[in-house]
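Have a look at the structure below, then the notes.
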Amino acid sequence: MVFGVGDPDARVMFIGEAPGADEDRRGEPFVGAAGRRLTQWIERLGMKREQVYIANVLKCRPPGNREPAADEIEKCSPFLRAQIRAIRPAVIVALGRHAGMLLTGTDQDLKLAQMRNRRWTYDDPGAGLQIPLHVTYHPSYVIRREGELPPGQRNPADDTVMSDLERALRVLRS
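When you number the sequence shown by our numbering, it's gap-free, plus one each residue, and the end is 279.
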């Protein structure tokens, strides 16, 4: 089981979709290639990985590393919601479509591009929480895009994520 890691008093919480093979082996979220990219982004924002909290929607790796199924998300969401209640971050960043769909609470089947650049609020009335929520690309997606680019070409998806993250962190500075 890959539960979560980071500062229990973190002001920023990053939430991905599910553990990968490296995460499954180590029992810690975002430790493989996607984790290294997330750490780079966090450091580019002037923070350290130890200052944030990192979790996933699913706590176990889906068979064959497939996308999470709706019933798996439903079964794991109470654990994630409990983590959010315990951490009480000032801002949440959803990494990828599945995390975005769960956390926005929308019943529409949105594409990630439709979730980005919108004002969302993670709402948990039972806990009295209304937390600004930002949705951006998952680090794995950004890494895959790099593989499609000619050598040496700057990855526009990486710039997009940094722009999204900077927008999310404005909440902390205001």
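All C-beta atoms in this analysis are idealised placements derived from N, C-alpha and C, irrespective of residue type, glycine included.
Counting pairs of Cβ atoms below 8 Å between the region 152-172 and the region 106-117, do you hit three or more?
yes
Beta-carbon spacing of residue 194, residue 118 below 7 Å
yes
Distance between beta carbons of residue 191 and residue 240, contact taken as under 8 Å
Actually they do not touch by this definition, with Cβ atoms about 22 Å apart.
In angstroms, rounded to a whole number, what distance separates the CA positions of residue 137 and residue 127?
5 Å
For residue 258 and residue 173, the rounded distance between their alpha carbons:
32 Å
Is residue 247 helix, strand or coil when you go by DSSP?
In the structure shown, residue 247 sits in a helix (DSSP, three-state: H, G or I).
Proximity of residue 123 and residue 167 at Cβ, strictly below 7 Å:
yes
Which residues in the same chain as residue 129 place their Cβ atom closer than 6 Å to its Cβ, once the five residues preceding and following it in sequence are excluded?
Only 166 meet the Cβ criterion.
Grab me the residues of residue 247's own chain with a C-beta within less than 7 Å of its C-beta, minus the 5 sequence neighbours each way, in chain order.
142, 260, 262, 263, 266
Enumerate in chain order the residues of its own chain whose CB-to-CB distance from residue 220 is below 6 Å, with the five nearest sequence positions on each side excluded.
Counting only Cβ-Cβ distances below 6 Å, and skipping sequence neighbours, we find 205, 240.
Compare the beta carbon distance of residue 217 and residue 225 with 7 Å and say whether it is the shorter of the two.
No, these two residues do not count as a Cβ contact at 7 Å.
Given a threshold of 16 other Cβ atoms within 10 Å of its Cβ, counted over all protein chains shown, does residue 269 qualify as buried or as exposed?
buried
Can you name the residues that DSSP bridges to residue 158?
111, 118
Taking the C-alpha atoms as reference points, what is the distance between residue 53 and residue 249?
As shown, the chain starts at 106 and ends at 279. That puts residue 53 outside it, with no answer to give.
Range covered by the beta strand (DSSP E) that runs through residue 124
Unbroken run through residue 124: none, as it is neither H nor E.
Mind checking which residues open and close the beta strand (DSSP E) that includes residue 276?
Element bounds for residue 276: not the beta strand (DSSP E) but the alpha helix (DSSP H), 261-278.
What first and last residue would you give for the alpha helix (DSSP H) that runs through residue 185?
175-192
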